[in-house]
Amino acid sequence: MKLKMLSAVFFLLAGVSAHAVQGGYAQYVDSEKQVSDLVVKCLGLTGIVIKGEKADKSWPEQRYTLSSRKLEDVIEVVQGKADPKVSWKKDGERWNMSNLLLSVSTAKKILELGQEGFGFKNPTLPKEENYEGILVLGATAGRFYDRVLFTNDLVNKGIKFEKVYILAGQRPLEAFEKKEFPCLKETNDEGQMTEEIFQRNAIPGLQEKKVLVYSKPPEGSPRATTESTIHTFMTLNPSPGKYLCVSNGYFVPYQELVIQNALDKQYPKAGLIAECVGPANQAMKDDATDEEVVKKAAVFLDNLSRILYNLKVRASLQK
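Quick note: to get our numbering, add 545 to the position in the sequence shown (first position is 1).
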């Protein structure tokens with residue numbers, strides 16, 4: 546009886562998750578393919594305004610004017626195709642990102658929008674109880690560790706599944722990962738890292754059902770990507786059904802879109818549905834440096850630009 550009550554509470558909490566899966570992207574774009582007020586606020590905080598709309602007094606000097614809120618027009622700007630100087634999308638690794646459009650003040654406001662407006666201060670929880678499998682998505686060591694602990698919690702709260710897949714890719718480890726996890730001192734690759742952290746921290750119910758999916762970088766990329774790991778996963782001929790994909794914070798909607806778009810585009814007859822979940826996004830620490838604040842906001846904006854682009858792809862696949 547107690548277990549049933551805990552399970553009921555768990556799934557009730559899912560109703561207030563940060564991200565509503567399978568079409569629930571209203572915090573980004575509406576049914577008319579116009580970006581939301583939240584996205585417009587982020588645009589304004591980087592000096593990008595909508596023609597005919599009143600600018601907030603807290604926004605910085607205007608750098609670019611969009612003719613409308615149309616998703617396609619916004620994507621052209623935030624992905625740097627209209628003017629590279631106002632691009633949100635950045636090349637390179639996330640842990641090295643910055644954005645010259647941001648001051649410390651505007652960066653803090655954008656991060657607050659992410660936590661409060663977009664709701665990433667809350668975890669994203671499962672909508673159902675039974676899944677074909679769980680995909681724990683690869684990441685830097687700290688994020689992957691959080692994903693493993695979150696997966697432990699899901700299983701302890703009653704989530705049922707057949708197998709748990711670790712989706713990792715070929716990537717050299719960074720010095721900061723080895724510093725955070727001394728057990729990785731002799732580990733030099735993401736695949737080895739995920740196995741080490743999983744072995745040390747996953748509960749027995751996960752250990753006995755583990756399958757490592759290791760992807761090489763796609764052509765033209767220095768390392769494996771979310772999409773390339775999905776292509777490798779599909780070589781295992783997984784059973785049709787819904788798969789729970791474990792990510793973190795504001796990467797949850799982005800990775801769900803990338804995965805489902807790849808499945809629908811490349812494997813339309815496979816019958817797989819991706820539902821992405823993950824722990825809440827960690828708030829900025831009070832003692833964070835100005836550089837750390839700007840860097841985190843730059844990553845948020847880069848990720849937001851990719852969400853918008855993948856929403857456009859999603860719409861084209863659903864026609």
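Note that the Cβ used here is the ideal one computed from N, Cα and C, for glycine as well.
Here the structure is a predicted model, which means the values were calculated and not measured.
Beta-carbon within less than 6 Å of tyrosine 799's beta-carbon, same chain only, minus the 5 sequence neighbours each way: which residues are those?
Excluding residues within five positions, the ones whose Cβ falls inside 6 Å are Asn848, Arg851 and Ile852.
By how many angstroms is the C-alpha of arginine 688 removed from the C-alpha of serine 650?
Cα to Cα, the separation comes out at about 26 Å.
Please determine, among Gly794, Tyr795 and Tyr812, the residue with the shortest C-alpha to C-alpha distance to methionine 779.
Cα-wise, what sits closest to methionine 779 is Tyr812.
What's the call for lysine 728, buried or exposed, on a 16-neighbour Cβ count within 10 Å?
Here residue 728 turns out to be cysteine, not lysine, going by the sequence shown. Cysteine 728 is exposed by the Cβ-count criterion.
Between the alpha carbons of methionine 829 and lysine 814, how many angstroms are there, rounded?
Those two C-alpha atoms are separated by around 43 Å.
What first and last residue would you give for the alpha helix (DSSP H) that runs through threonine 774?
Looking at the DSSP string, the run of the alpha helix (DSSP H) that includes threonine 774 is 771 to 779.
What residue range is occupied by the uninterrupted beta strand (DSSP E) comprising lysine 708?
Lysine 708 -> beta strand (DSSP E) spans 708 to 714.
With DSSP run on the structure shown, which of helix, strand or coil describes serine 760?
Reduced to three states, the DSSP call for serine 760 is strand.
Check the C-beta distance from valine 797 over to leucine 670 and give it rounded, since I have them as a contact under 8 Å.
The Cβ separation is near 11 Å, so there is no contact.
How about valine 631: is its Cβ closer than 7 Å to a heavy atom in the ligand HEM?
Of the ligands one can find in the structure shown there are none, so the ligand HEM has no counterpart to examine.
Rounded to whole angstroms, what is the Cα-Cα separation between leucine 588 and leucine 862?
Near 27 Å, if we compare the C-alpha coordinates of leucine 862 and leucine 588.
Along the beta strand (DSSP E) that carries glutamate 621, what are the first and last residues, could you check?
Taken as a continuous stretch (DSSP letters only), glutamate 621 belongs to no beta strand (DSSP E), being part of the alpha helix (DSSP H) at 616 to 623.
Determine the direct distance from the alpha carbon of alanine 842 to that of alanine 652, and round the result to whole angstroms.
So the two alpha carbons sit approximately 5 Å from each other.
With a Cβ-Cβ cutoff of 8 Å, do proline 605 and serine 648 count as a contact?
Yes. Within cutoff.
What's the gap between the Cα of serine 766 and the Cα of alanine 686?
Using only the alpha carbons, I get a separation of about 20 Å.
Which residues in the same chain have their Cβ closer than 6 Å to the Cβ of alanine 713, if we skip the five residues on either side of it in sequence?
So the qualifying residues of the chain are Gly683, Glu735, Gly736, Thr739 and Tyr759.
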